[in-house]
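Residue numbers (the numbering used here): 28 to 427. The structure appears below as structure tokens.
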Ligand SMILES: Cc1ncc(COP(=O)(O)O)c(C=O)c1O
């Protein structure tokens with residue numbers, strides 16, 4: 028038997044560049060920390076790419092999973108199960124009373140469901156306008172929706188009917204609307220695109236545009252939802268709500284689950300036979316999600332996320348001022364943040380942080396993204412930021 032890395036090289040299709048350089052594998056997690064095969068401990072500011080909203084192995088999530096797994100792991104969507112119904116109720120009541128949910132297993136699948144619903148809503152209308160630099164998933168429709176040519180180009184021909192407008196540019200969206208347009212879909216905070224936050228003018232203007240033209244407004248909150256922005260749903264920051272909301276990542280506390288939450292007028296658009304998922308609404312995943320939602324959907328918890336978001340923001344801002352030659356800009360909302368660099372050294376910095384015991388995420392060569400657990404202690408957040416600063420300083424010193 029080879030090492031894990033050998034086995035992976037032989038048996039797994041190589042679609043991920045492992046972090047860093049395929050040498051690190053994780054064996055255990057607790058709270059804001061993970062441990063690798065050598066027992067080295069890391070403060071986790073990568074958060075499973077926005078999945079670990081309650082850190083690792085949160086006791087409430089572990090308990091919910093264990094309890095449900097010992098009762099019923101899977102049956103099928105031909106039967107009723109309680110966790111699915113309770114989670115649907117909690118999601119709808121947190122969004123818009125009167126709405127309804129479709130359960131899927133991932134962000135891409137939640138978006139697929141939203142795209143299918145939008146196409147079914149008004150006959151003859153199929154076009155969906157999305158934003159440049161957006162990310163909506165890797166299935167063919169969500170890839171086609173994704174406003175980044177580098178992901179789309181190798182897989183042409185794409186699914187027809189997507190057009191891309193400039194993020195935060197209302198006129199650019201309005202200019203693409205025509206008689207075939209069904210919907211507008213955006214991430215209120217673009218995550219994979221480098222953490223770009225929607226402006227209030229833009230997001231309010233999109234709502235007005237959709238109302239005026241009879242279009243569905245879809246918010247993809249797969250990454251920025253579930254408390255990440257300091258509100259349960261990111262759209263609450265602008266007091267503008269969409270017609271369809273998609274969530275995944277943080278929803279299951281680490282178990283795969285995605286959901287399309289549809290507002291009242293849209294809950295009956297999809298009919299039996301229109302859409303389905305064998306695993307969607309799985310009782311264990313739904314129980315886990317319900318336990319996460321109970322913790323996150325709490326005023327005090329969210330107020331604390333906002334406070335810690337402020338600490339993160341100020342630290343990023345200070346570093347931008349301290350290192351004007353290296354830092355182009357810092358951006359974020361709540362506990363999703365990014366530092367954009369002037370030089371293409373994000374991966375080098377990520378590796379140095381890992382060596383120093385801090386996991387961060389390089390997006391391409393110029394952006395470092397931070398997605399710490401939402402329940403991270405303030406002292407842990409400060410400790411991680413200190414590590415980052417020390418790494419950054421030694422890197423900056425080595426450049427002169
Ligand atoms: C905003 C957004 N939408 C959709 C997706 C796709 O989610 P998944 O990888 O669970 O299919 C992602 C993943 O990064 C995302 O950030």
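The beta carbon of each residue, even a glycine, is placed where N, CA and C say it ideally should be. All values reported here derive from a predicted model rather than from experimental measurement.
- In the DSSP assignment, residue 55 forms a beta bridge with 62.
- A contact between stretches requires three or more CB pairs, one per stretch, nearer than 8 Å, and the region 184-197 meets this requirement with the region 158-173.
- The criterion of a C-beta distance shorter than 8 Å is not satisfied by residue 260 and residue 271.
- Where residue 288 is concerned, the enclosing beta strand (DSSP E) starts and stops at 285-289.
- For the options 296, 292 and 229, the alpha carbon positioned closest to that of residue 267 is the one of 229.
- Listed in chain order, the non-local C-beta contacts of residue 370 below 7 Å within the same chain comprise 353, local neighbours out to five positions each way being set aside.
- Here DSSP, grouped into helix, strand and coil, assigns residue 381 to helix.
- Across the set 204, 251 and 382, the C-alpha of 382 shows the shortest separation from the C-alpha of residue 414.
- Within the chosen limit of 7 Å, ligand 1 reaches the beta carbon of residue 214 through at least one heavy atom.
- Straight-line measurement puts the Cα of residue 149 at about 12 Å from the Cα of residue 292.
- Counting the other Cβ atoms within 10 Å of the Cβ of residue 71 gives 16 or more, which makes it buried.
- Ranked by how close their Cα comes to the Cα of residue 321, the residues 277, 196 and 126 have 277 in first place.
- The alpha-carbon separation between residue 94 and residue 282 amounts to approximately 15 Å.
- Remark: the shortest separation between the CB of residue 133 and any heavy atom of ligand 1 falls under 7 Å.
- Taking C-beta separations shorter than 6 Å and ignoring five residues to either side along the sequence, the partners of residue 342 in its chain run 412, following chain order.
- Annotation note: the region 66-133 contains the following uninterrupted alpha helix (DSSP H) runs of length 4 or greater, listed N- to C-terminal: 74-77, 86-98 and 109-122.
- Look at residue 227 here: in three-state DSSP terms it is helix.
- Sequence-distant Cβ neighbours of residue 179 in its own chain, meaning closer than 8 Å and more than five residues away, are 170, 171, 173 and 185.
- Secondary structure note for residue 40: it is in no alpha helix (DSSP H), with a DSSP letter that is neither H nor E.
- Following the DSSP letters along the chain, one finds residue 210 inside the beta strand (DSSP E) bounded by residues 208-213.
- Put simply, the backbone Cα of residue 58 is about 28 Å away from that of residue 420.
- When the beta-carbon positions are compared, residue 216 and residue 225 come within less than 8 Å of each other.
- It is roughly 23 Å from the alpha-carbon of residue 285 to the alpha-carbon of residue 390.
- Residue 365: member of the beta strand (DSSP E) spanning 363-368, first to last residue.
- In the DSSP annotation of this structure, the continuous segment of the beta strand (DSSP E) that includes residue 246 starts and ends at 243-247.
- Per DSSP, residue 166 lies in no alpha helix (DSSP H) and is assigned neither H nor E.
- By the neighbour-count criterion, in which a residue is buried when 16 or more other Cβ atoms sit within 10 angstroms of its Cβ, residue 247 is buried.
- The DSSP-derived three-state label of residue 358 is strand.
- The C-alpha of residue 33 lies about 10 Å from the C-alpha of residue 39.
- Short note on residue 223: C-beta not closer than 7 Å to any heavy atom of ligand 1.
- Between the alpha carbons of residue 356 and residue 258 lies a distance of about 24 Å.
- Beta bridge pairing from DSSP links residue 154 with 208.
- DSSP, read as helix, strand or coil, puts residue 350 in coil.
- In the three-state reduction of the DSSP assignment, residue 192 falls in the strand class.
- Checking the 7 Å criterion, the Cβ of residue 359 is out of range of every heavy atom belonging to ligand 1.
- For residue 273, the uninterrupted beta strand (DSSP E) segment begins and ends at 271-274.
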